[in-house]
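Asker: Following the UniProt record's numbering, the numbering of the sequence shown begins with 1 at its first residue and continues without gaps.
Ideal Cβ positions, reconstructed from N, Cα and C, are used throughout, including at glycine.
All values derive from a computational prediction rather than experimental measurement.
Here it is: the structure, laid out below.
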Amino acid sequence: MVPLVAVKLPISAPLAELFERCANEPWALLLDSCNSAAAQWDFVFRQPLFTVTRAENWPQQLEQAMASVPDYKGPEHLPFQGGIAGAWSYDAGRALEKLPDIAADDIQLPEIAVGVYTQALMQNRHTGETWLLAPEQELAALQDFWQQPVAQRTKLPNFKLLTPWQSNMTAVDYADKFSRVQSYLLAGDCYQVNLAQRFSALFEGSTWQAYQRLRENNNAPFSAYFKLKQGALLSLSPERFLAIDASGKVETKPIKGTRPRADDAQEDAALASALHNSSKDRAENVMIVDLLRNDLSRLCQPGSVHVPKLFAIESYPAVHHLVSTVVGQLNSAQQGIALLAECFPGGSITGAPKIRAMEIIDELEPHRRSYYCGSFGYFSKHGNADTNIAIRTLVASQDDSHHGTIHCWAGGGLVADSECAAELQETRDKVARILPVLADPEFGGPKHDA
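What follows is the structure in structure tokens.
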């Protein structure tokens, strides 16, 4: 089998700009830090050797796929040396646990979309270096592809919403579901349940153009754009799920706790301070930290799981978040896919205990979540990996005429002392830099009726 090699390219343009060359290719994937210091590398993956789209036994399928990756001969510091990359829907969790089948499944996309990639473009955000990974015999042609001027090609129609955003819950619906969650909490069924509403609209045109506009308005360090044959996935996520280095060190950074941003600096600082000192939000955060400590402990060395940072404030264009950090040490860096399966889906977007919370979510949310609250990321054959929690994420299904439906979700963790009006407003705050951006009449869309 021809080995994989890597070469440094004399390219200074950001990967989000270079991705334009392949943005319309099925299975082209951009993992995008949006120039944030929180993530060191940006990635472009394209033209996978083969793909995995069936969720049944997906951990075993992906382990077998990883075994097919050719050997790598190149600089050891590069984070991706051949492996798998893609997206796992929230519903991929159904292959791991027995869950009810109540919510409507109306988005016709595969439950996982993961490719075996031997081509990757990597850019170090700190040094500006750009590296190309490829099979040795394809290296010269791929260098030309990335370095030559972009050939003229037919551009897709401009992105445009054809209808206003419509939620799958009215305020009355949300209040009813909130009340039912409270009944479960007070009965001791669970401690926290994440309840989400879904916004949908008809659209036409280029989903890549939509992502570019959203990217300008959201400085989200774990963003992604993934072109599929049947549509596209657009993630503006601020949340890291699992990062693993080649020595097997694991880091997860759950988000639980949100406040809106304010234009006035003093008011904005007061909102951040109120979040940091909120006993309710701290309690929610601790519940999820404990859940993730338990999840990591299933494969990490005894005594290695700890919490170096608790209740840190991270601020983004639309909201402030309360973020903690949990770390651990795997027995082997080759356990990355197994760890993803043990932790999937992330506890920060289910509630606790996880399985009971997921059962309640399926009962109360009208539609399945698709890729919302799933994960995007990569796993390199040598053990390095990084994945996000797919919050602030849109799912677009599209036909050959470039018409389709786009969906965007927003949710929040409910606990016994949650207030319905505040929780409903929090869901709106979380998409304040998403829904109005795509509905902006200057961008060709109808006005958003919040």
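#1: Could you name each continuous alpha helix (DSSP H) segment of 4 residues or more that falls completely within the segment 117 to 162, going from the start of the chain to the end?
#2: Considering only the alpha carbon of each residue, which of Val250, Leu435, Cys190 lies closest to threonine 393?
#3: Along the chain, which unbroken stretches of the alpha helix (DSSP H) at least 4 residues long are found entirely within the segment 240 to 305?
#4: Starting from asparagine 194, follow its DSSP beta bridges and name the residues at the other end.
#5: What are the start and end residues of the alpha helix (DSSP H) that includes tyrosine 211?
#6: Tell me whether the beta-carbon of histidine 407 lies closer than 9 angstroms to the beta-carbon of serine 200.
#7: Could you say which of Leu214, Leu228, Leu234 lies nearest to aspartate 440 if we only look at CA atoms?
#8: Counting beta carbon pairs with one atom in the segment 276 to 287 and one in the segment 421 to 430, are three or more of them shorter than 8 angstroms?
#9: Quick test of your reading: phenylalanine 43 and tyrosine 378, contact by CB under 8 angstroms. State the CB separation rounded to the nearest angstrom.
#10: Between the beta-carbon of leucine 15 and the beta-carbon of threonine 130, is there less than 9 angstroms?
#11: Find the nearest neighbour of glutamate 204 within the set Leu424, Ser397, Arg433, Val415, judged by alpha-carbon distance.
#12: Hey, out of Ala65, Leu99, Gly74, whose CA is closest to alanine 85's CA?
#13: In terms of alpha-carbon separation, which member of Arg125, Arg261, Gln182 lies closest to arginine 433?
#14: Could you say which of Gln334, Gln123, Glu17, Gly374 lies nearest to alanine 246 if we only look at CA atoms?
#15: Am I right that glutamine 197 and asparagine 218 are in contact with their C-beta atoms under 8 angstroms? What's the rounded C-beta distance?
#16: Name the DSSP bridge partner or partners of residue 457?
#17: Given that a residue counts as buried once 16 or more other Cβ atoms are within 10 Å of its Cβ, and exposed if not, what is phenylalanine 50?
#18: Among Val69, Gly83, Gln40, which residue has its Cα nearest to the Cα of glycine 128?
#19: Taking Cβ positions, are glutamine 301 and leucine 339 nearer each other than 9 angstroms?
#20: Beta strand (DSSP E) containing isoleucine 389: first to last residue?
#21: Please return the same chain residues whose Cβ sits closer than 6 angstroms to the Cβ of aspartate 105, not counting the five positions on each side in sequence.
#22: Going by DSSP, what residue range makes up the alpha helix (DSSP H) through glycine 336?
#23: Check the C-beta distance from alanine 385 over to isoleucine 244 and give it rounded, since I have them as a contact under 8 angstroms.
#24: Could you give the first and the last residue of the continuous beta strand (DSSP E) run that contains lysine 227?
#25: Applying the 10 Å Cβ sphere with the 16-neighbour rule, what's the burial state of leucine 186?
#26: Counting pairs of beta carbons, one from the segment 29 to 36 and one from the segment 1 to 13, are three or more of them closer than 8 angstroms?
#27: Among Ile355, His402, Ile349, Pro345, which one has its Cα closest to the Cα of residue 455?
#28: Can the beta-carbon of arginine 54 be found closer than 9 angstroms to that of proline 110?
#29: Express the C-alpha separation of lysine 309 and glycine 346 in angstroms, rounding to a whole number.
#30: Nearest to valine 116 by alpha carbon, out of Val437, Gly83, Glu56, Ser237?
#31: Using 10 angstroms around the beta-carbon of proline 10, count the other beta-carbons present and answer buried if the total reaches 16, otherwise exposed.
#32: Using three-state DSSP, classify aspartate 189 as helix, strand or coil.
#33: Using a Cβ-Cβ cut-off of 6 angstroms (strictly less than) and excluding sequence neighbours within five positions of glutamate 380, which residues of its own chain qualify?
#34: To which residues of the same chain is aspartate 71 closer than 6 angstroms at the C-beta, ignoring the five residues directly before and after it?
#35: By a C-beta neighbour count over all protein chains shown, 10 Å radius and 16 as the cutoff for buried, is valine 181 buried or exposed?
#36: Between alanine 67 and lysine 253, what straight-line distance do the alpha-carbon atoms span, to the nearest angstrom?
Answerer: Once the coordinates are examined:
#1: Counting only runs of 4 or more residues that sit fully inside the segment 117 to 162, the alpha helix (DSSP H) segments are 139 to 147, in chain order.
#2: That would be Leu435, whose Cα lies nearest to the Cα of threonine 393.
#3: Within the segment 240 to 305, the complete alpha helix (DSSP H) segments of 4 residues or longer fall at 265 to 276, 279 to 297, listed in chain order.
#4: The partner list for asparagine 194 (beta bridge, DSSP) reads Gly413.
#5: Residue range 207 to 217 is occupied by the alpha helix (DSSP H) that includes tyrosine 211.
#6: Yes; because the gap between Cβ atoms is below 9 angstroms, this pair is in contact.
#7: Ranked by Cα distance from aspartate 440, the options Leu214, Leu228, Leu234 are led by Leu214.
#8: In short, these stretches do not touch, since the Cβ pair count stays below three.
#9: The beta-carbon separation of phenylalanine 43 and tyrosine 378, rounded to 7 angstroms, stays under the 8 angstroms limit for a contact.
#10: Yes, they are a contact pair.
#11: The candidate whose alpha carbon is nearest that of glutamate 204 is Ser397.
#12: The candidate whose alpha carbon is nearest that of alanine 85 is Ala65.
#13: When only C-alpha atoms are compared, the closest one is Arg261.
#14: Nearest in C-alpha terms to alanine 246, of all of Gln334, Gln123, Glu17, Gly374, is Gln334.
#15: Not a contact, Cβ separation roughly 19 angstroms.
#16: There is simply no residue 457 to check, as the chain begins at 1 and stops at 450 in what is shown.
#17: Phenylalanine 50 comes out exposed.
#18: Per the Cα distances, Gln40.
#19: No, these two residues do not count as a Cβ contact at 9 angstroms.
#20: No beta strand (DSSP E) holds isoleucine 389; DSSP gives it neither H nor E.
#21: Excluding residues up to 5 positions away in sequence, Arg368 lie with their Cβ nearer than 6 angstroms to the Cβ of aspartate 105 in the same chain.
#22: It spans 336 to 343 - the alpha helix (DSSP H) in which glycine 336 sits, taken as one unbroken run.
#23: Cβ-Cβ separation between alanine 385 and isoleucine 244: approximately 4 angstroms, consistent with a contact (criterion under 8 angstroms).
#24: In this chain, the beta strand (DSSP E) harbouring lysine 227 covers 222 to 228.
#25: The residue in question, leucine 186, is exposed, as its Cβ has fewer than 16 Cβ neighbours within 10 Å.
#26: Touching, no, given that fewer than three Cβ pairs across the two stretches are closer than 8 angstroms.
#27: Given that the chain is displayed from residue 1 to residue 450, the structure contains no residue 455 and the question cannot be resolved.
#28: In this structure, proline 110 lies closer than 9 angstroms to arginine 54 by Cβ.
#29: Each residue's Cα considered, the two are about 18 angstroms apart.
#30: The shortest Cα separation from valine 116 among Val437, Gly83, Glu56, Ser237 belongs to Gly83.
#31: Its Cβ having fewer than 16 others within 10 Å, proline 10 is exposed.
#32: Here aspartate 189 carries a coil assignment [DSSP, helix/strand/coil].
#33: Residue identity check: residue 380 is serine in the sequence provided, not glutamate. Taking C-beta separations shorter than 6 angstroms and ignoring five residues to either side along the sequence, the partners of serine 380 in its chain run Phe80, Gln81, Gly83, following chain order.
#34: Here the set comprises Pro3.
#35: Buried, by the Cβ-count rule.
#36: The C-alpha of lysine 253 is placed about 29 angstroms away from the C-alpha of alanine 67.
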